[in-house]
Ligand SMILES: Nc1nc2c(ncn2[C@@H]2O[C@H](COP(=O)(O)OP(=O)(O)OP(=O)(O)O)[C@@H](O)[C@H]2O)c(=O)[nH]1
Ligand SMILES: [Mg+2]
């Protein structure tokens, strides 16, 4: 049955393409088989499995983990955070889930410590950075020569559940500033958390207030798409219920003869899946059953595309030149390369000139130093010569003294010798007289 329907749809599509591209529509006279393409796609998708990433932004203890557990009918790993985290951290956990034969790789990212900072930027900036990082790693994979996008774990955030505190008053400035920072990066689905704590009339007014505040602050939230006729009606009606007021609970309570997920109070029971009690069912229907694929597609075609465009433009790539003529990537690359080489050349010349200048300066410095050394040397040489001359003079004087002293000594020696000789003669004579006298004395005694 579906084959028959789809083949007629295909003919419509072909004729649409025909008018768009100028191709001639042709009718087929028999079965060809390409009407099975959608089934081929379905089979391929089932084989590959799906991937979906949800980011939960909300103050500590607002009910993020409970809602996720309730949405996916399971117990994810939950860590209670304190209000004293020094900074906001993003905790991502990935799970493989299976429902009938469909496998879903689900990543739940939680903001830990969000809203506990004095400075609002400290709360939202880590979230912005996280989203950008996921885009960046996808872009890097896409830019690789050897890409493996078919088995790449896509961590880009497909849906962002923004948990609004059920104050019944208005949005906080942190809510507005955070959503404003994120609305061009991610599909924001605002939800009023713990909606069981707010009365029906207050909730109605609160929803209107929130929507008008979002509009007046220019915050773009995700709108359920209306282009697919099969879901346009439900999506239109659901867009009117935003933001969804949700209640989370994994506790089973017996109501009538069945067990339902509910929160029990002394005065009554709030049933999570009862549309009269809260919008939980609407959220699950819209997020998972109807628009999950659109959320993935919007992430890729709108948000990632914007990120990619800005990044490539930042890197200097453009689709057109200044005269609006189309430029290929190759041309841009060549132009960039040329620009780079010229810049390199310019820098090299600059460095060379600088080098020559420095060498000249150094040379001049060295010459000055050499001159100074030379003059110092000359001065020392002169000093040395003067000292030498003075010493020579002293030596000469000394030698003169020495020679005159020698002469005087020789004269003195001569004199001494003469006087010695003279004295010796006198002594001899005296001795001779003494000898004669003695002899005379002896002879007289005899
Ligand atoms: N009244 C009410 N309480 C709720 C609801 N959802 C969760 N809670 C309660 O709020 C408390 C915190 O819930 P969590 O789901 O752990 O909140 P959280 O945002 O994940 O907290 P952190 O991860 O620690 O920041 C628990 O006591 C929940 O039972 C709700 O819809 N209504
Ligand atoms: Mg939690």
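Numbering (full-length UniProt numbering), first residue to last: 1 to 446.
Ideal Cβ placement from N, Cα and C applies to all residues, glycine included.
Please read these numbers as outputs of a predicted model, since none were measured by experiment.
When secondary structure is reduced to three states using DSSP, residue 106 falls in the strand class. In the DSSP annotation of this structure, the continuous segment of the alpha helix (DSSP H) that includes residue 313 starts and ends at 305–314. Pairing residue 181 with residue 95 gives a Cβ-Cβ distance that is not under 8 Å. Excluding residues up to 5 positions away in sequence, 260, 262, 277 lie with their Cβ nearer than 6 Å to the Cβ of residue 271 in the same chain. In the assembly as shown, residue 108 is a buried residue. Its beta-carbon has 16 or more other beta-carbons within 10 Å.
In this structure, residue 55 sits near residue 157, with a CB-CB distance shorter than 8 Å. Annotation for residue 162: the continuous beta strand (DSSP E) segment containing it runs 159–164. Taking 7 Å as the cut-off, the C-beta of residue 151 does not count as close to any heavy atom of ligand 1.
Judged by the Cβ position, residue 81 qualifies as a neighbour of ligand 1 at the 7 Å threshold, a heavy atom of the ligand being closer than this.
Excluding the 5 residues flanking it on each side, residue 68 has same chain C-beta neighbours closer than 7 Å at 56, 76, 108, in chain order.
Sixteen is the threshold: when 16 or more other Cβ atoms of the shown chains lie within 10 Å of the Cβ of residue 59, as they do, the residue is buried. Here the segment 192–210 makes contact with the segment 160–172; the two share three or more CB pairs at distances below 8 Å. In this structure, residue 248 and residue 63 form a Cβ contact; the two beta carbons are roughly 5 Å apart against a cut-off of 8 Å.
Annotation: residue 323 is outside any alpha helix (DSSP H) and is labelled neither H nor E by DSSP.
Selection 372, 213, 243 evaluated against residue 203 yields 243 as nearest (Cα-Cα). As far as DSSP is concerned, residue 33 takes part in no beta bridge. By the CB criterion at 8 Å, residue 111 and residue 139 fall outside the cutoff. Residue 265 carries a strand assignment under DSSP once its states are collapsed to helix, strand and coil.
When DSSP states are grouped into helix, strand and coil, residue 90 belongs to the strand group. The beta carbon of residue 85 is closer than 7 Å to those of 112, 113, 116 in its chain, skipping five residues each way along the sequence. Cβ-Cβ distances below 6 Å link residue 217 to 176 in the same chain, with the five nearest sequence neighbours on each side left out; the list follows chain order. Within its own chain, the residues whose Cβ lies closer than 7 Å to the Cβ of residue 319, once the five positions on either side in sequence are excluded, are 326, 327, listed in chain order.
Per DSSP, residue 57 is one residue of the beta strand (DSSP E) stretching across 50–57.
Bounds of the beta strand (DSSP E) holding residue 188 are 188–192. In the assembly as shown, residue 309 is an exposed residue. Its beta-carbon has fewer than 16 other beta-carbons within 10 Å.
Residue state for residue 245 is assigned as strand, using DSSP reduced to three classes.
Look at residue 228: its beta carbon is at least 7 Å from all of the heavy atoms in ligand 1. Boundaries for residue 219: no alpha helix (DSSP H) harbours it, and the DSSP string shows neither H nor E there.
Listed in chain order, the non-local C-beta contacts of residue 286 below 7 Å within the same chain comprise 224, 238, local neighbours out to five positions each way being set aside. Between residue 170 and residue 209, the CB-CB gap stays under 8 Å. A residue is called buried once 16 or more other Cβ atoms fall within 10 Å of its Cβ, and residue 207 is buried on that count. For the pair residue 300 and residue 185, the CB atoms are not nearer than the 8 Å cut-off. Placement of the Cβ of residue 89 at a distance of 7 Å or more from every heavy atom of ligand 2 is found. Counting the other CB atoms within 10 Å of its CB gives residue 280 a total of 16 or more, which places it among the buried residues.
In the DSSP assignment, residue 85 falls outside any beta strand (DSSP E), carrying neither H nor E. By the neighbour-count criterion, in which 16 or more other beta carbons inside 10 Å mark a residue as buried, residue 65 falls on the buried side.
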